[in-house]
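Start counting the sequence shown at -16; every next residue gets the next number (the numbering used here). Shown next, in structure tokens, is the structure this report addresses.
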Amino acid sequence: MGKHFRRLARSAKVDIVYDNGSESGTASRSQTVHIDPTLLFEHEGWSKGPAFKGIFSGTSIYATGPLASQLIKKATKEDCRKVDGRTTQPVNVTVAILEQVDSLRQQMTFNHRSPPLAIIPIVASLTTCLTCGLYHQWYAFSMILVGILARGFACLLIGSGNLVFDHPKPAEGSPPGDGVLGSEQDFVLLKGNEYVVNAVTRGRFFFRFRSKYACCMVEWCSILLIVQAIAQLVFIPQSKLFGQLMFVVSLAFSWAYDLWFSSFDKGEVQEAIFQQVLGKPSLIKFVFPNRVSAVVFLLLVSNDNPRTSGNPRKLKKIMDIFLPSNSEVWEIWKDTITERLKNRQALQFSDTHWNREELPLEDDRKLLKTLFGDAKDAEKAYAIFKSHDAGTIA
């Protein structure tokens, strides 16, 4: 535990906050200390999210925040609609419609009370410590007392901080924040304004301490915890059997509480924080039989925003990211699809679209026809998405 606190001390950053005076009109400075909670709580709830590619903003983020990770987990559990078509490797696509909730702020503070059972190891430690004192078991008495003080100071330090969620505010007039989260076989399309999307992709958690001495306090806590562990190894064997028994009883209660607390369902806390920031976003999931249909569907859903005019350059850039092939057939197909999206035309094609003079090889024409068929399958899925109908696409 002492090593964890030493890592916390090294991650601490001192920031200067300016508060505007309401009466004098002057600004006063105050120092706060920010500490990264991922160094203390090493569980999946604080893991980073996947990469993000903005469709209209051009944003590219290689590692997103913990809310993105939580959203991905929700998407994996969502019921899906199956899309029929040319089968290669299935790709999951979830459309997350993000609405701005009233509780969303640029900086939010979360407070959670300690569970009532936390009193049990405290009472057990105090009882065994007093019992050792009454029976003159001073080695065990001193070691239990040092443990109470060391862990007590550590808990007071962490309890004095606030868990804060922070995300940047976009500039006025920013384009829609639509973008794609995910990996090779799992995509989550975020639809919403830039402010809400930033909360998912760039939001971060940290502990904030108002005291500028928090860095020193964390360092001293780490030293005290390390000294406590070493002293117990030295002095407890010198105590008599009764003192050793009292120490083991105190330790057993602490271990039992730590075991119970580690098994506590942290998902409820994570879900509560998620809902305060994002509410309950609507998730609609499809399983596409191939990557081409999945990417075209992403562009179709993004292109229905009235604020966008189907910029072919940006749409083709997204195509190049997720479909990196740049052969002549693929370039013809990409240019045709982006032009249709720009003009908001249906993805319906005939022989003249793939029997091109610039493609003398029959295999190239067959490939282009196949790609146009994949785009048509994506348009069928888009029609179901618009109507919010469930089922399998025929």
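A virtual CB, placed ideally from N, CA and C, is assigned to each residue, including glycine.
Who are the Cβ neighbours of residue i in its own chain at under 8 Å, not counting the five residues just before and after it?
{"i": "Y365", "result": "F280, L283 and V284"}
{"i": "D357", "result": "G68, R69, N273, V275, S276 and V279"}
{"i": "A324", "result": "It should be noted that the sequence gives Leu, not Ala, for residue 324. Hits under 8 Å: L282, L283, N286, G293, P295 and L298."}
{"i": "I55", "result": "G32, P33, L164, G165, D169 and V171"}
DSSP puts residue i in a beta bridge; with which residues?
{"i": "N145", "result": "R191"}
{"i": "Q90", "result": "D149"}
{"i": "D169", "result": "N75"}
{"i": "C63", "result": "K268"}
{"i": "G32", "result": "T47"}
{"i": "K369", "result": "DSSP lists no partner for K369."}
{"i": "G116", "result": "For G116, which the question treats as bridged, DSSP gives no partner whatsoever."}
{"i": "G156", "result": "Paired residues: none, contrary to the question."}
{"i": "G37", "result": "G162"}
Which same chain residues, not among the five before or five after residue i, have their C-beta less than 7 Å away from its C-beta?
{"i": "K223", "result": "Q120"}
{"i": "S333", "result": "none"}
{"i": "D347", "result": "V312"}
{"i": "E27", "result": "With a pLDDT of only 45 at E27, under 50, the local geometry of the prediction cannot be trusted, and no value is derived from it."}
With DSSP collapsed to three states, give me the class of residue i.
{"i": "V252", "result": "helix"}
{"i": "S43", "result": "strand"}
{"i": "V260", "result": "helix"}
{"i": "L437", "result": "Since the first residue shown for the chain is -16 and the last is 377, residue 437 is missing from the structure and cannot be characterised."}
{"i": "V84", "result": "coil"}
{"i": "K300", "result": "helix"}
{"i": "K223", "result": "coil"}
{"i": "L164", "result": "strand"}
{"i": "E362", "result": "helix"}
{"i": "G68", "result": "coil"}
{"i": "G186", "result": "coil"}
{"i": "G175", "result": "coil"}
{"i": "A329", "result": "coil"}
Enumerate in chain order the residues of its own chain whose CB-to-CB distance from residue i is below 6 Å, with the five nearest sequence positions on each side excluded.
{"i": "V270", "result": "C63, K65, P73 and N75"}
{"i": "H150", "result": "N181, A182, R185 and G186"}
{"i": "Y242", "result": "The sequence shown places Leu at residue 242, rather than the Tyr named in the question. Cβ within range, chain order: n/a, list empty."}
{"i": "L207", "result": "A133"}
{"i": "A137", "result": "C204"}
Since residue i and residue j should fall inside the 8 Å C-beta cutoff, what is the C-beta to C-beta distance between them, to a whole number of angstroms?
{"i": "G68", "j": "L164", "result": "Actually they are not in contact, since the Cβ atoms of G68 and L164 sit about 23 Å apart, beyond 8 Å."}
{"i": "F230", "j": "M91", "result": "Not confirmed; about 43 Å, so no contact."}
{"i": "P343", "j": "E322", "result": "At roughly 23 Å, the Cβ-Cβ gap does not stay under 8 Å, so P343 and E322 are not in contact."}
{"i": "K317", "j": "K300", "result": "With 8 Å as the limit, K317 and K300 do not qualify as a contact, their Cβ atoms being about 10 Å apart."}
{"i": "V232", "j": "A123", "result": "Contact flag wrong, Cβ pair sits at about 10 Å."}
{"i": "G144", "j": "R191", "result": "6 Å"}
{"i": "Q83", "j": "N176", "result": "7 Å"}
{"i": "C112", "j": "I131", "result": "7 Å"}
{"i": "L330", "j": "K369", "result": "Contact doesn't hold; Cβ gap of about 14 Å is too wide."}
{"i": "F188", "j": "F148", "result": "6 Å"}
{"i": "Q53", "j": "F225", "result": "Not quite, the Cβ-Cβ distance comes to about 50 Å (not below 8 Å), so this is no contact."}
{"i": "F93", "j": "L146", "result": "5 Å"}
Taking residue i as the reference, give the member of the options with the closest Cα.
{"i": "L172", "options": "A154, P151, S166 and D161", "result": "D161"}
{"i": "Q215", "options": "Q227, E251 and T71", "result": "Q227"}
{"i": "V180", "options": "I44, T321 and S370", "result": "I44"}
{"i": "L266", "options": "E155, F355, K60 and A239", "result": "K60"}
{"i": "S40", "options": "E341, P153 and S245", "result": "P153"}
{"i": "K36", "options": "S237, L146, P159 and C115", "result": "P159"}
{"i": "S314", "options": "L330, L354, K369 and E345", "result": "Position check: residue 314 holds Glu in this sequence, whereas Ser was assumed. When each option's Cα is compared against that of E314, the closest is L354."}
{"i": "S237", "options": "E155, I209, A361 and A101", "result": "A101"}
{"i": "I304", "options": "R88, E167 and K349", "result": "E167"}
I want to check one thing, is the minimum distance from the CB of residue i to the heavy atoms of the ligand SAH below 6 Å?
{"i": "E177", "result": "No copy of the ligand SAH occurs in the structure displayed, which carries no ligand at all."}
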